[in-house]
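Undergrad:
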Amino acid sequence: MQVLAGPRTDEYKEMVAWLKGHAKNYFPYRPQHFDANGVEFWNPTKRWHMAFGKHPQREF
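Sequential numbering of the sequence shown, starting at 942, is according to the numbering used here.
Set out below in structure tokens:
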């Protein structure tokens, strides 16, 4: 993350090229555009129910 957040160096260009080839949906990392208030957290149990139609089994 430090390389991507820093200035446009050769190391930055190499990292971006690698990410473009390895990330399914690559979007450039732009820390100045990140909005912490825009992050939405979901209840994992509700998400499981939405995806699989039943509550997850608890194993302890």
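A virtual CB, placed ideally from N, CA and C, is assigned to each residue, including glycine. Small disclaimer: the values here were computed from a predicted structure and weren't measured.
1) Might you give, ordered along the chain, the residues of its own chain that have their beta carbon closer than 6 Å to the beta carbon of Pro972, omitting 5 neighbours on each side?
2) I need the DSSP call for Thr986, collapsed to helix, strand or coil.
3) So what does DSSP say about Asn978, is it helix, strand or coil?
4) What separation, rounded to the nearest whole angstrom, lies between the Cα atoms of Asn984 and Asn978?
TA: Reading from the atomic positions:
1) The residue given as residue 972 occupies position 31 in the sequence shown. So the qualifying residues of the chain are Ala946.
2) Translated into the one-based positions of the sequence shown, residue 986 becomes position 45. Residue state, collapsed to three classes: helix.
3) Position 37 of the sequence shown, counted from the start, is the residue given in the question as residue 978. In the structure shown, Asn978 sits in a helix (DSSP, three-state: H, G or I).
4) As a first step, residue 984 is located in the sequence shown; it is residue number 43 there, counting from the start. As a first step, residue 978 is located in the sequence shown; it is residue number 37 there, counting from the start. Going from the Cα of Asn984 to the Cα of Asn978 covers about 17 Å.
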